[in-house]
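Note that the protein sequences, when read in sequence, are chains A and B. Counted from 1, the first sequence has number 143 at position 143 by the UniProt record's numbering; the numbering is strictly sequential. Counted from 1, the second sequence has number 47 at position 47 by the UniProt record's numbering; the numbering is strictly sequential. Note that beta-carbon positions come from the ideal geometry of N, C-alpha and C, so glycine has one too. The structure presented is a predicted model; accordingly, all values stated were derived computationally and were not measured.
Protein chains: 2
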Amino acid sequence: MTDWIADTPSLSALSPASKTRLGALQPMALPRGAVIFRPGDDVTGFPVILSGRVEVFLTGAGGRELLLYAVEPGQTCVQTTLGLLGGDASYSAEALCATDSRAILIPRPVFLTLMDSDPAFRQLVFTAFAERMGGMIQLMERVSFQSVECRLAAFLCNRAENGRVQATQSEIAAQIGTAREVVSRRLDAFARRGWVRTERGAVEIIDAPALRRLALAEGL
Amino acid sequence: MTDWIADTPSLSALSPASKTRLGALQPMALPRGAVIFRPGDDVTGFPVILSGRVEVFLTGAGGRELLLYAVEPGQTCVQTTLGLLGGDASYSAEALCATDSRAILIPRPVFLTLMDSDPAFRQLVFTAFAERMGGMIQLMERVSFQSVECRLAAFLCNRAENGRVQATQSEIAAQIGTAREVVSRRLDAFARRGWVRTERGAVEIIDAPALRRLALAEGL
DNA sequence: TGAACGAAGGTGACCTTGTCACAGACAAGG
DNA sequence: CCTTGTCTGTGACAAGGTCACCTTCGTTCA
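Structure follows, in structure tokens:
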């Protein structure tokens, strides 16, 4: 087993005592698609992602989904912090592994001890919290004030690798908080303008600058 | 001048040293309508509301507004915590006094000292943070998955005093994150069903149970 | 091998929301 | 009075969400 503490930059500032305490924990392997938690689950501990990517979704009545945020290596999950520190200790969102991942789960008592004893750990949790909150406010702004077209363009720009985005239209819809049908129609509109080409399970980007211009047109 | 620390329950658990430190600060009087901060302002300190009510809005391109959360006595502002602890130190939202209010502003250095030295203060800031985050997620859920009709009904139920809601339709629109015209039409629909009666600057509630049923119809 | 099934994507119809433009109603002060 | 600014109502239209249903692919498995 690798020394996961040394391999995780965000943990490097922790005190030696904290590292010792955490050293006893075993990383878990989580396959792509694994459910970390669902709405209503109890909070049993504080997960830290070591590798991979976990996505946290809100699910609405009609089955529509909205990506709240993604957790990447070294980051922590706010939903959990919320449960461990605040009032109600259950989740209101759903977390799924977007890729194969490894994570540790810090049990609640250990978490509380670290919070009280290690300023570096506090700092870690706090800045994670602050960043998430900022992200949530930006998300709020995008979802309620920006057009779907604009959000879609921004998404395509961000997720593109070698001019391609590997994702089904349903997935894209969940990421930007709209319905699949709308994504289908918007992508079609982009395609007719010659900006993209759609395939089953992927979108090929032809005119990235045009998309970027559109993404920036409506404010941030 | 009254002893504002003793009068604020949420501060009672602080250590004597913290109280001494805070005792030197002078409460500020803020009239209704006063602007606490605007987008782009720098974060100079950590405000704690002693009395009154402060509302924090997000403002979109077309001038549309959305109430993110309200700060009530003993509570603190997350936007600020975010600025003091996280990366970027400027606000992305706007805070207005909804009523005449009193507040203290804890200067940044004092805030940071208290965070490191007083577990009770930490607890205070942290739970405030956790509660806000929970509230933001609920807001997200309402704004992106619930109909305007439902949100409006819920708002009327919550804000009613003696069967009346004192607010202009513009204010209501900002509170539930929609456009004024839409509020006008929805209220009209409620009125035709005999549930409310509208006046200039107020809404009288006639059939509260009907509204409550509608508010609960689409999940929380 | 080919029938069947399920996931992904396309489309039309329809309703709800948001936007724009503008008009009437009302309150407070000159 | 008359004016001015705020509050409210309305029609027309565009954008987005929902529903129903169909087509097109891959995969599986009998």
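Task: Exposure label - A/Gly62; buried when at least 16 CB within 10 Å - done: exposed
- [ ] Please classify A/Val35: is it buried, with 16 or more other beta-carbons within 10 angstroms of its beta-carbon, or exposed?
- [x] exposed
Open item on the list: Given this structure, state the Cα-to-Cα distance separating B/Gly83 from B/Arg200, to the nearest angstrom.
Closed with: 39 Å
Task: Beta-carbon proximity of A/Ala103 to A/Glu55, cut-off 8 Å - done: no
Task: Cβ neighbour criterion (16 or more within 10 Å) applied to B/Leu216 - done: exposed
TODO: Would you check if the distance between the CB atom of B/Val110 and the CB atom of B/Leu156 is smaller than 8 Å?
DONE: no
Open item on the list: Please confirm whether A/Arg64 has its beta-carbon closer than 8 Å to some beta-carbon of chain B.
Closed with: yes
Open item on the list: Measuring only the C-alpha atoms, how far is B/Asp7 from B/Gly177?
Closed with: 34 Å
TODO: Return the chain-ordered list of same chain residues with a C-beta closer than 6 Å to the C-beta of B/Arg38, the five sequence neighbours on each side being excluded.
DONE: Glu94
TODO: Just the C-alpha distance for A/Leu67 and B/Met115, rounded to the nearest angstrom, thanks.
DONE: 32 Å
Task: A/Ala120 in three-state terms, based on DSSP - done: helix
Open item on the list: Across the stretch 68-77 of chain A and the stretch 43-57 of chain A, are there enough close Cβ pairs to call them in contact, namely three or more that are closer than 8 Å?
Closed with: yes
Open item on the list: Which of the three DSSP states is assigned to A/Arg64 in this structure?
Closed with: coil
Open item on the list: Let me check one thing: in DSSP terms, what residues is A/Arg164 bridge-paired to?
Closed with: A/Glu161 and A/Glu204
Task: Reduced DSSP category for B/Ile36 - H, G, I as helix; E, B as strand; rest coil - done: strand
Open item on the list: Quick check: what's the CA-CA separation for B/Leu25 versus A/Gly33?
Closed with: 53 Å
- [ ] Return no unless some Cβ of chain A is closer than 8 Å to the Cβ of B/Met133.
- [x] yes
Task: Where A/Arg132 falls, given that 16 or more other Cβ within 10 Å makes a residue buried - done: buried
- [ ] Determine the direct distance from the alpha carbon of B/Leu152 to that of B/Asn158, and round the result to whole angstroms.
- [x] 10 Å
- [ ] Mind checking which residues open and close the alpha helix (DSSP H) that includes A/Thr76?
- [x] A/Thr76 -> no alpha helix (DSSP H), and no H or E assigned at all.
TODO: Let me know the secondary structure DSSP gives A/Ala103 once reduced to three states.
DONE: strand
TODO: Determine which residues share a DSSP beta bridge with residue 221 of chain B and list them.
DONE: Residue 221 of chain B lies beyond the stretch modelled for chain B, which goes from 1 to 220, so this question has no answer here.
TODO: For A/Asp42, decide whether its Cβ has a neighbour in chain B, counting only Cβ atoms nearer than 8 Å.
DONE: no
Open item on the list: B/Val183 and B/Gln169 - do their beta-carbons sit closer together than 8 Å?
Closed with: yes
Open item on the list: By the DSSP assignment, the alpha helix (DSSP H) with A/Thr8 in it spans what residues?
Closed with: Taken as a continuous stretch (DSSP letters only), A/Thr8 belongs to no alpha helix (DSSP H), as it is neither H nor E.
Task: Own chain partners of A/Thr127 with C-beta closer than 7 Å, once the 5 adjacent residues on each side are dropped - done: none
Open item on the list: Contact criterion: CB-CB distance below 8 Å. Does B/Val78 meet it with respect to chain A?
Closed with: yes
Open item on the list: Can you check whether the C-beta of A/Asp116 is within less than 8 Å of a C-beta belonging to chain B?
Closed with: yes
Task: CA-to-CA distance, B/Arg64 to A/Ile5, given in whole angstroms - done: 47 Å
TODO: Evaluate A/Glu72 with the Cβ neighbour count: other Cβ atoms within 10 Å of its Cβ, from every protein chain shown; 16 or more gives buried, anything less gives exposed.
DONE: exposed
Open item on the list: Taking the straight line between their C-alpha atoms, what separation do you get for A/Ala141 and B/Leu58?
Closed with: Per the sequence shown, the amino acid found at residue 141 of chain A is Glu instead of Ala. Each residue's Cα considered, the two are about 7 Å apart.
TODO: State the beta-bridge partners of B/Ala95 as determined by DSSP.
DONE: B/Phe37 and B/Val56
Task: A/Arg192: first and last residue of the uninterrupted alpha helix (DSSP H) it sits in - done: Arg180 to Arg192
Task: Residue range of the alpha helix (DSSP H) that includes B/Leu30 - done: Taken as a continuous stretch (DSSP letters only), B/Leu30 belongs to no alpha helix (DSSP H), being part of the beta strand (DSSP E) at Met28 to Leu30.
Open item on the list: Going by DSSP in three states, B/Glu218 sits in which element: helix, strand or coil?
Closed with: coil
TODO: Spell out the partners DSSP gives A/Thr198 in its beta bridges.
DONE: A/Val203
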